[in-house]
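Counting from 247, one number per residue, gives the positions in the sequence shown under our numbering.
Every residue gets a Cβ at the ideal spot worked out from N, C-alpha and C, and that includes glycine.
Model, not experiment: these values are computed from the prediction.
Worksheet: one structure, shown below.
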Amino acid sequence: MRRAGDGLTTEVDVLVAGGGACGMSMAAHLAALGPRGLRVAVVDDGRHPVAERSWAFWSSRAELLDAAVSLRFRSVRVHAAGREVVLPLGCYEYRVVDGPSLHAVVRELCNGVRFLRGTVEEVVDDDPDGLARVVVDGRTVHAWWVLDGVSPDPAPPRPAAWLSFTGRQVVTDRDVFAPEPTLMDFRTEQADGVRFVYVLPRGPREALVEHTAFAAPAPHRSVPAPEAGGPGGTTTGGPGVTTTGEPAAEAALDEYLRGVLRVRGHRVTGTERGLLPLTGAPARRRLSAHVLAVGGRGGLVKASTGYAYGRIQRDCAAVARSLVATGHPFAVPSPHRRHRMLDAVLLRVLARSPRAIEPAFLRLFDRLGAETTLRFLDEDTRLAEEARVAATAGSRPFLRALLPC
C-alpha cells in the first residue's frame, strides 16, 4: 500500500467505506476468501462503535464469523392471537453476535487489513488512472474498488413502512425469562400499525426486552440511510415516521414488564433504540464503474422483517468470490423479483390492514412451523413452498395487497 508521510494509506485495491457489521464482516471475508495479496482498507468514523452493538440472525450452516456468536437457540416462542407456541427451529439455529466478540474475531482474521479512523466525505469515480478517489477527512485515497456502505442515496425510494424499536437490557431479582427467545409477543397496545415485544434472554434473570413497531411513513420527511440493525440489533435513528414515539414505547415496555412478565424488582443495564426505513424497491448496487453499494446502502435490510446480519454475511462472501472469479466485486446475486413482490405485499398489508398481521404470523408459525417460515423469510424457498405460505397466510387483506393500489 502506498502511504502518505503522515501514515495515511493513499492507494489500495479495495476500500470498504464504513466499519460497522457490514464493514467488519466484509474485511473478514475478503481476508479469508478473497484473492491473495489483496490490499484492503476499512474506513470508519467511529460514531457507532461495533463494541456497543449486537445482532441476531438465524442460519442453517456454519458461518465464517461463528466464533463471534455468544448465544445459540434451537427453538423460539411466538405469542399471537391469544396463543403462545414454542417452535423448534429444525435445521436452523437462532444466533446472537455481540460487538466486542465480532471486533476481536475480525481483527484476528484480518492480518494485513488496514483499519483507518476517518470520515468518508466523498467518493468520486472519475480518476484518469481508472481508480476511484475517496476523500477521507480532506485527504484522498485511491482504490480500484470501493465497497460503499455510508454514502447517502441521492434519490432514496420512499419507504413503504418504518420499523422503530426501543429496547432495554433488564436484570431481574427473580427468575422471569423463558429459555427461548420470544420473536413476537403481541400482548402490547395496538393503537395503530403493528406492535410487538421481542425478548432475547441471556439467562432466567437477564434479557433484552424490545418494543418493536411497524408503521406507515409520515409525508414530506427526509429518508435516512438504513443501517444493519433490526430486532436484536442497534441502529441509528432518523426522521420521517409516525410511530408510537419514544415516550409511548417506554410506557409500553413498562406495562409489558409489569403486566405480562410480572416483573417487580429489576434494573436496566443498557438501552437501545433505532429506526429503519423499509421498502420493497430494488436497491441500486453498482453505483459507478468502481463502486458497489453494500450493507443497508445496498438494500440488505430485509424489507419485511428488518433483519440484515445474515444477509450481509452471504453478500460479503459473494463479493469475495466475485473478486476471485472475475477480478471485480459486482458478480453478486440479486433478490428474485418474486421475493421483492412478497415483501411489497406484506408492507402494503402493514399500511392498509395492520390487524391482519398478527393472526397471519400465528398461522405461518403454527401451521407451517418455524423452519419453513424462516426459510421463507430468508428467501430460500421455491415457488411451490411460497404458494403454500401464501395460502396459509391468506386472507382478504393479503389478496387485496397483491394490487399496488
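Minimum Cα-Cα distance from Gln415 among the listed residues Ala350, Asp383, Val455, Met270 corresponds to Val455. DSSP places Ala498 inside the alpha helix (DSSP H), whose first and last residues are 492-501. Per the coordinates, the alpha-carbon of Pro405 lies some 32 Å from the alpha-carbon of Ala389. By DSSP's assignment, Leu393 forms a beta bridge with Val262, Leu538. Burial of His536 is indicated by the presence of at least 16 other C-beta atoms within 10 angstroms of its C-beta. In terms of Cα proximity to Thr618, the closest of Leu333, Val315, Leu317, Asp259 is Leu333. Ser316 is the residue among Gly328, Ser316, Leu596 whose C-alpha sits nearest the C-alpha of Val342. DSSP lists Glu456 as the bridge partner or partners of Tyr444. Within the same chain, and ignoring the five residues on either side of Phe432 in sequence, the residues whose Cβ sits closer than 7 Å to its Cβ are His325, Ala326, Phe442, Glu604.
Counting along the chain, His325 sits inside the beta strand (DSSP E) bounded by residues 321-326. Arg519 and Thr458 have their C-alpha atoms some 10 Å from each other. In the DSSP annotation of this structure, the continuous segment of the alpha helix (DSSP H) that includes Tyr555 starts and ends at 555-572. With 16 or more neighbouring CB atoms inside 10 Å of its own CB, Met430 falls in the buried class. Shortest Cα-Cα distance from His294 to any of Glu632, Phe423, Arg363 involves Arg363.
Across the structure, Ala616 and Val370 are spaced so that their CA atoms are roughly 45 Å apart. Just measuring C-alpha positions, the residue of Leu596, Pro398, Ala549 sitting nearest Gly439 is Leu596. Distance check between Val381 and each of Ala554, Asp290, Ala564 places Asp290 closest, using alpha-carbon atoms only.
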